[in-house]
Amino acid sequence: MTSTADPLANVLRTHTDYGAEKLEEADLADDPFAQFAAWLAEAAEREVYEPNAMVLGTIDPDGSPSIRTVLLRGIDDRGFSFYTDYTSRKGRALLANPAVSAVFPWYTLHRQVIVFGEAHQVEAEDSDAYFAARPRGAQVAAWSSNQSQAIASRDALEQKVRDADARFADEPEIARPERWGGFRIAPRRVEFWQGRTSRLHDRLVFIRQPDDGWKVERLQP
Ligand SMILES: Cc1cc2nc3c(=O)[nH]c(=O)nc-3n(C[C@H](O)[C@H](O)[C@H](O)COP(=O)(O)O)c2cc1C
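In terms of the working numbering, the sequence shown is residues 281 to 501.
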């Protein structure tokens, strides 16, 4: 099927050199949160599109993996938080099995960060505060969409939105639906990956220790 005229041929064979930068043990912050914050700020400065987007992997109740993109909305010493519908596929998966991993794919920087850990619901007050700060349209959408469930048509979805709009018409503030809120990933490993020449990339992993300190290991690329 592949021919010289195949427009995909170049795409599939491109071999970009990732040699511009390096990551050394001496460059790392003391903990993965500070290191991540520094790299996220740099990704934003260097104009990575949606630098807080991460691809999140969970384990369905039947044991199969599933993935999707979500947006990071908080980072502190407790972990990485994002918001979603607790009754969605990922929500149900995480409530049954908190094991999770996520990758921040910053391709234009030749970097990725991979987080491994457990995700648990954030405190209700945190979800309330985050929901209250969202645009009204997004609040109505959260009420209107039972994320991941099938629906007959786009029209049926838009009807649900009109119904919710009408229901909240007289309410200046829209309360958070109980089935919607945050998860926080408490990491046990965080890998910082920096592309290097000839595929000899730098991979430095923070590994959580029993005393909650961090050990750093270098992995072969
Ligand atoms: C750039 C981007 C950002 C997204 N951010 C979120 C998010 O923060 N929360 C969310 O629930 N879904 C988000 N989505 C949609 C999810 O990828 C996914 O379609 C949805 O959460 C349903 O996933 P599930 O059926 O596996 O639970 C985002 C999608 C993209 C492409």
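Heads up, the beta-carbon is just placed ideally off N, CA and C, and yes, glycines get one too. Since we're looking at a predicted model, the values are computed, not measured.
Per DSSP, cross-strand counterpart(s) of residue i
{"i": "Pro385", "result": "Gln392"}
{"i": "Trp319", "result": "BP columns for Trp319 are empty, so no partner."}
{"i": "Arg488", "result": "Trp494"}
{"i": "Arg348", "result": "Leu336"}
{"i": "Glu234", "result": "Past the edges of the chain, shown from 281 to 501, lies residue 234, and the structure says nothing about it."}
{"i": "Gln401", "result": "Phe463"}
{"i": "Gly354", "result": "Ser361"}
Whether residue i touches residue j by CB criterion (8 Å)
{"i": "Arg483", "j": "Pro467", "result": "no"}
{"i": "Phe463", "j": "Thr364", "result": "yes"}
{"i": "Val402", "j": "Ser361", "result": "yes"}
{"i": "Lys440", "j": "Ser424", "result": "yes"}
{"i": "Pro331", "j": "Val470", "result": "no"}
{"i": "Ala413", "j": "Glu453", "result": "no"}
{"i": "Arg476", "j": "Tyr298", "result": "yes"}
{"i": "Ile355", "j": "Phe396", "result": "no"}
{"i": "Pro341", "j": "Ala373", "result": "yes"}
{"i": "Ala444", "j": "Val420", "result": "yes"}
{"i": "Gln489", "j": "His481", "result": "no"}
{"i": "Arg353", "j": "Tyr410", "result": "yes"}
{"i": "Val380", "j": "Ile465", "result": "yes"}
{"i": "Ile431", "j": "Asn377", "result": "no"}
Beta-carbon proximity list for residue i, same chain, < 6 Å, skipping 5 on both sides
{"i": "Val383", "result": "Val335, Gln392, Ile394"}
{"i": "Trp460", "result": "Asp365, Ala422"}
Buried or exposed (CB count within 10 angstroms, at least 16 for buried), residue i
{"i": "Lys302", "result": "exposed"}
{"i": "Gly493", "result": "exposed"}
{"i": "Ser407", "result": "buried"}
{"i": "Pro457", "result": "buried"}
{"i": "Ala449", "result": "exposed"}
{"i": "Ala436", "result": "exposed"}
{"i": "Ala399", "result": "buried"}
{"i": "Gly417", "result": "exposed"}
{"i": "Gly359", "result": "buried"}
{"i": "Ala323", "result": "buried"}
{"i": "Gly343", "result": "exposed"}
Contacts around residue i, its chain only, beta-carbon distance under 8 Å, and the 5 residues preceding and following it disregarded
{"i": "Glu497", "result": "Leu484, Val485, Ile487"}
{"i": "Ala318", "result": "Ala309"}
{"i": "Arg326", "result": "Thr388, Leu389"}
Residue-chain proximity (residue i, chain B), Cβ-Cβ < 8 Å
{"i": "Phe316", "result": "The chain labelled as chain B is not found in the depicted structure, where only one protein chain is given."}
Close beta carbons around residue i, own chain, < 7 Å, minus the five adjacent residues each side
{"i": "Thr294", "result": "none"}
{"i": "Leu308", "result": "Gln315, Leu484, Val496"}
{"i": "Ala333", "result": "Thr349, Leu351"}
Report the residue ranges of all alpha helix (DSSP H) runs contained in full by the stretch 409 to 441; include only those spanning at least 4 residues, in chain order. If we require 4 residues or more, the alpha helix (DSSP H) runs fully inside the stretch 409 to 441 come out as 416 to 424.
Report task. Enumerate, from N- to C-terminal direction, the unbroken alpha helix (DSSP H) stretches of 4 or more residues contained entirely within the stretch 360 to 384. Result -> 369 to 376
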